[in-house]
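Student: Handing you a structure now.
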Amino acid sequence: MAASRSLRRLLAWLTGVVLVCCGLAAAAQAQSVLGARSQARPAPPAVRLAPERLLQQVRLLAPELPVLSPLSWLQVPAAAPAPAAETPAPADPKAVYDRIAGSPARLKALDARRRQELWDAAFRHPVAGLDDERKLAKYDPQGFIGFCFGRAMAAHLLARQMGLAESSVRKLFAVGDLREGEEPQWRFHVAALVRGDDGAWYAIDPIMEGPMTAVAWLSEVRRAWDKTGKARFYLTEASAVLPDVTTVPEPGQETGERLIELSFDPAGKEGFSPAAGLGAGVFSVSPSASARYLKTAPEAFDFDGIAINGQRISYNGYFFDLLRALAAPIQRSLEPFFQKPAGPKARPLGLDLGRLGGAR
């Protein structure tokens, strides 16, 4: 009975506290409505009950009731911090490459409209595009890598996403002393080729002004960069990315055993044969020869960086970003329908060996 009476007294006291607080709150609200006259008066002091004071009142009014100290029954435990979200591991570039390269094939050839759309997509690509110089500068700030092989990969995979069969895509390499001026500059160049609806091969190369036949591409490369007329040209499967440049001897130390060497002669070597319809100096490369002399994706190509004569050069995330962008949902832009893209301001090729000490 005594505990019951104490409990009733405690409940009555708590009810009174609540009513007093509500009354003060209502009074404060009424004062705020009165206007300037009420603003001159000081606001009523807030009613605050420290936990210790509240505990004393409870013990005074209901001494029979067990009370935990210090008011642990009123304390709300702090919420445990949410576990830090794990940073998702980057997708395996080889798996992403395989998935895109394995896109369903619906087309055996591309007509002129689709070839132009493909070139536009490669030229404006958010990573590989040449419509904005900052894109290439982000990954190649010293202008050494050139990333022609990245643009060729982008064109290849974009063609596959369009539904063009893998057998209707090729790569065309130029290897030699490629320069625009008097000094040695680039060692190779590569572009993706697609089969046209007229049966011809067309180069999708963003450094050019648009799609062009493979024959026209060969002519332009010879005119613009092959000053000595000694460059060699190689037609390969689309999976070839770049020549094997693990070792690049200086010209006086070459053995002629590596495709990247200026003294390499494919004539008579196993896996090389004249490429039909492309003229003299152009060789078709068999898959086995590609595996020996070039780096093919995804197995033999390092998506992270390249080593030349023992010097490691990072791609600075280029191919990770390229594949991520290609794997993202397609976002169509209306711009290509209203504006023809301007040509590239610069025409970078692949590997300016003059900037790599001891490699040229």
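The sequence shown: position 199 = 205 (the working numbering), numbered continuously.
From the three backbone atoms N, C-alpha and C, an ideal C-beta is built for every residue, glycine too.
Note that the coordinates shown come from a computational prediction; the quantities given were computed from them, not determined experimentally.
#1: Suppose you measure from the CA of A244 to the CA of F155; what does that come to, to the nearest Å?
#2: Taking the Cβ atom as the reference point for each residue, do D250 and Y299 lie within a distance shorter than 7 Å?
#3: Which residues bound the beta strand (DSSP E) around A197?
#4: Less than 7 Å between the C-beta atoms of G169 and R112, yes or no?
#5: How would you call P217, buried or exposed, if buried means at least 16 neighbouring beta carbons within 10 angstroms?
#6: Ignoring anything shorter than 4 residues or poking outside the segment 245-312, list the alpha helix (DSSP H) runs there in chain order.
#7: Going by DSSP in three states, S109 sits in which element: helix, strand or coil?
#8: Can you give the beta carbon distance from V200 to R130, rounded, assuming they're within the 8 Å contact cut?
#9: Quickly, what does DSSP pair T242 with across the bridge? List them, please.
#10: Is it a yes or a no for the segment 193-211 touching the segment 158-165, going by three-plus beta-carbon pairs under 8 Å?
#11: Going by beta carbon distance, what residues of the same chain come within less than 6 Å of G149, once the five residues before and after it are set aside?
#12: Below 8 Å, how does it come out for the segment 226-242 and the segment 282-297: are there three or more Cβ pairs, yes or no?
#13: State yes or no: is the C-beta of W231 within less than 7 Å of the C-beta of L184?
#14: Apply the 10 Å Cβ neighbour rule to S174 and answer buried if 16 or more other Cβ atoms are within range, or exposed otherwise.
#15: Can you give me the C-alpha to C-alpha distance between A165 and A107, rounded to a whole angstrom?
#16: Skipping 5 residues on each side, what residues in its chain have a beta carbon closer than 7 Å to that of A115?
#17: What are the start and end residues of the alpha helix (DSSP H) that includes L122?
#18: Can you give me the start and stop residues for the beta strand (DSSP E) that R318 sits inside?
#19: Going by DSSP in three states, L170 sits in which element: helix, strand or coil?
#20: Can you name, in chain order, every residue of its own chain whose Cβ lies under 6 Å from the Cβ of A303, other than the five neighbours on each side?
#21: Once the 5 residues before and after D211 are set aside, which same chain residues still bring their CB inside 6 Å of it?
#22: Identify whether W223 lies in helix, strand or coil by the three-state DSSP scheme.
#23: Tell me whether the beta-carbon of F396 lies closer than 7 Å to the beta-carbon of K301.
#24: Identify, in the order they occur along the chain, each residue of the same chain with its Cβ nearer than 6 Å to the Cβ of E290, setting aside the five sequence neighbours on each side.
#25: Quick check: what's the CA-CA separation for G316 versus V181?
#26: Where do the ends of the beta strand (DSSP E) carrying A209 lie?
#27: Tell me the residue span of the alpha helix (DSSP H) that contains A115.
Tutor: Reading off the structure:
#1: Put simply, the backbone Cα of A244 is about 11 Å away from that of F155.
#2: Contact: yes.
#3: Its beta strand (DSSP E) spans residues 192-201.
#4: The answer is yes: Cβ separation under 7 Å.
#5: Buried, by the Cβ-count rule.
#6: Secondary structure in the segment 245-312: the alpha helix (DSSP H) runs of 4 residues or longer, each lying completely within the stretch, are 293-299 in chain order.
#7: Three-state result, S109: coil.
#8: Contact doesn't hold; Cβ gap of about 17 Å is too wide.
#9: Residue pairing by DSSP puts T242 in a beta bridge opposite K177.
#10: Yes: at least three Cβ pairs fall under 8 Å.
#11: Hits under 6 Å: none found.
#12: They touch, by the three-pair rule.
#13: Result yes, Cβ atoms of W231 and L184 sit closer than 7 Å.
#14: That one is buried.
#15: Answer to the nearest angstrom: the Cα atoms are 9 Å apart.
#16: Once the five neighbours on either side are set aside, the close Cβ partners of A115 are S174, R201, G202, D203.
#17: Note on residue identity: the sequence assigns Gln, not Leu, to residue 122. It spans 118-129 - the alpha helix (DSSP H) in which Q122 sits, taken as one unbroken run.
#18: From DSSP, the beta strand (DSSP E) with R318 extends over 317-320.
#19: Strand.
#20: Excluding sequence neighbours, A303 sits near Y103, S245, V247.
#21: Within the same chain, Cβ atoms closer than 6 Å to the Cβ of D211 are found at A197, the five residues on either side in sequence being excluded.
#22: Helix.
#23: Outside the shown range of the chain (7 to 366) lies residue 396, about which nothing can therefore be said.
#24: Reading off the sequence shown, one finds Ser at residue 290, where the question assumed Glu. Only L241, S279, A281 meet the Cβ criterion.
#25: Between G316 and V181, the C-alpha separation is close to 21 Å.
#26: DSSP places A209 inside the beta strand (DSSP E), whose first and last residues are 207-210.
#27: Careful: A115 lies outside any alpha helix (DSSP H) and carries neither H nor E.
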